[in-house]
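Here the structure comes first, spelled out in structure tokens, and everything after it is commentary.
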Amino acid sequence: MAQNGLKHELDSLSSSPPPSKKRKTTSPTPSVSFGMTDPDPDWQVTYLSMQSYRDPQDKDYKRARLAEPYISAFTDVKEQDDGTLDRCYIVSPTDKWQGMRKYNSFVIDEVKYHLGEYVWVKHGLEPQTKTMHEKDFWIGKILEIRGATTSHVYALVNWMYWPEDLPLCQAPNELKPILGRRGYHGRREVIASNVLDAIPVLTCAGKVDVIHWLEEDDEDAITTPLYWRQTFNEENNELSGVRLHCVCDQPYNPDTTLLGCENPMCHIWLHKECILDDILTKTHDRLIGPLDEEQKRKLAKSKTSKKCYTGKFKADFKGDAMVPDVTITDIRKGQNGNTWTEAVYCPKYLKDKVLRCKRVCQYEYPKIPKTASLWHSEYGHQQSSCPMQGLLHIIPACATSSISDYELFRRMRRRRDIPGVSFEYYVNMLERFEEHNERTGITDRKEHEDLVVAP
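Last residue of the sequence shown: number 455 in the UniProt record's numbering, and the count goes up by one each step with no gaps.
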């Protein structure tokens, strides 16, 4: 996976054993023999379809019944679960994997990892020789924990893909398969998948919060570092659909702002660029005249993004008023840069002559605000101008793995000098974190004792 992007330094895990004063744990008694210095097995995960698992007439039925069923938790709650991502898997060498004892949790350097949690995953056990960025790590959800000795502990993880790492795949609104990131993928977005891997737990580099964003109109803003709304099915290289918006019927990038029509019969969400395109096209038709059919065909065949108004008019939103206006500038020769302001109306009436929409209102679609981790990873390295400089003695350059966002917000409650962000905003974030923790808290069933991992 090609890795690059936002700076996000994570605390490396120490491989030293816990101090002797800590509570000792008993080692499990494995049914498979591992020497303390034996290398990690080369785990391989192979898949069989759920059809083979369920149909006795299937040629792979007997083999599938020996496999473990994977029932995906990544399902859009707005749609009926059709089991699209479900499959069976076998981890090889099977005798070694099946011979190890199962656990609910493991402990590395006093950090406790549970089943069902998301973790940062390093690309290997070798020491890192460079400054690590956020996208130099993979992200996985722990599905299973197995251990033979304290030096041989492994986790079966369900991978979350960075958009840049997506293989050639196709979404329902796409005409052909595309490699990598789409224009609607946000900076904090990951894609859930049905791809599994068995990894040494010592490659885990800290926990991370990942939530499911449902794209609902009345949904609260997301307050976790990462979110997912789309799934990747490795079996058929398909991406699931996302909600489509605007007169262009395209998805929404949550790093941008959508504007909504305030007509209760419409309530369409609109991309800013689509509104500007509509206004500039109308301006061109009003002042110069509409294109004839031949001109429209030539423009449609053009491989560039040139519009009828390109090089003639430009426009931008004026201010941040709740009901925005647009400033239009005539950039044609001899017009001396004539500028005027117009109200913004919903362009949907062009598609439906019956509906007359009101002015567009700038209430924003729920979007992904910067969390403390992201904000500090971007600006924490600027020591001279960092508004959190007073906190640098109690937190590292990035707080994700060594201190929780909740704790960081709690400490920030006493600071009112953070540029561009109100104190009330962070108090509100604290309340949201408390609600989120109550909703997503994972109970440790303690079927076995905690497995403390040795180097």
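Note that beta-carbon positions come from the ideal geometry of N, C-alpha and C, so glycine has one too.
What three-state label does DSSP hand residue i in the structure shown?
i, result
"Asp-165", "helix"
"Cys-274", "helix"
"Arg-359", "strand"
"Trp-43", "coil"
"Gly-99", "helix"
"Arg-332", "coil"
"His-284", "helix"
"Ser-105", "strand"
"Pro-69", "strand"
"Lys-59", "coil"
"Ile-90", "strand"
"Lys-318", "strand"
"Leu-85", "coil"
"Leu-299", "helix"
"Tyr-252", "coil"
"Glu-262", "coil"
"Lys-370", "At Lys-370 the pLDDT is 42, less than 50, meaning the model places this residue with poor confidence and gives no usable figure here."
"Tyr-345", "strand"
"Ile-395", "Any reading at Ile-395 must be qualified, since the residue scores a pLDDT of 27, below 50, and its modelled position is unreliable; the value itself is stated next. It is coil, neither helix nor strand."
Please confirm whether residue i and residue j have their CB atoms less than 7 angstroms apart.
i, j, result
"Leu-85", "Asn-194", "yes"
"Val-121", "Trp-138", "yes"
"Leu-270", "Leu-259", "yes"
"Leu-166", "Pro-177", "no"
"Leu-143", "Leu-125", "no"
"Tyr-70", "Tyr-89", "yes"
"Val-242", "Lys-348", "no"
"Val-201", "Trp-228", "no"
"Met-100", "Gly-147", "yes"
"Lys-314", "Ile-331", "yes"
"Glu-117", "Lys-207", "yes"
"Arg-359", "Val-323", "yes"
"Ala-192", "Phe-74", "yes"
"Ile-268", "Cys-261", "yes"
"Val-111", "Trp-43", "no"
"Pro-93", "Pro-41", "yes"
Count the other CB atoms, across all protein chains shown, that sit within 10 Å of the CB of residue i; report buried if there are 16 or more and exposed otherwise.
i, result
"Trp-340", "exposed"
"Gln-295", "exposed"
"Arg-286", "exposed"
"His-333", "The residue asked about is misnamed: residue 333 is Lys in this sequence, not His. Exposed, since its Cβ has fewer than 16 Cβ neighbours within 10 Å."
"Cys-346", "buried"
"His-123", "exposed"
"His-245", "buried"
"Asp-95", "exposed"
"Pro-172", "exposed"
"His-152", "buried"
"Ile-108", "buried"
"Arg-188", "buried"
"Met-160", "buried"
"Asn-158", "buried"
"Thr-46", "exposed"
"Leu-175", "exposed"
"Lys-102", "exposed"
"Arg-297", "exposed"
"Lys-301", "exposed"
"Lys-306", "exposed"
"Asn-104", "buried"
"Met-132", "buried"
"Glu-293", "exposed"
"Ala-343", "exposed"
"Thr-231", "buried"
"Leu-226", "buried"
"Thr-283", "buried"
"Thr-303", "In the sequence under discussion, the amino acid at residue 303 is Lys, which differs from the Thr named in the question. Answer is exposed; the Cβ neighbour count stays below 16."
"Asp-136", "buried"
Hey, would you say the C-beta of residue i is under 6 angstroms away from at least one heavy atom of the ligand GDP?
i, result
"Ser-105", "As presented, the structure is devoid of all ligands, the ligand GDP included, so that no description of it is given."
Those runs of the beta strand (DSSP E) which lie wholly inside the UniProt domain "BAH" (111–243) and span at least 3 residues
111–114, 118–121, 138–149, 152–161, 189–200, 204–207, 210–212, 226–233
Can you confirm whether the segment 183–190 touches the segment 246–266 when touching is taken to mean that 3 or more C-beta pairs between the two stretches lie within less than 8 angstroms?
yes
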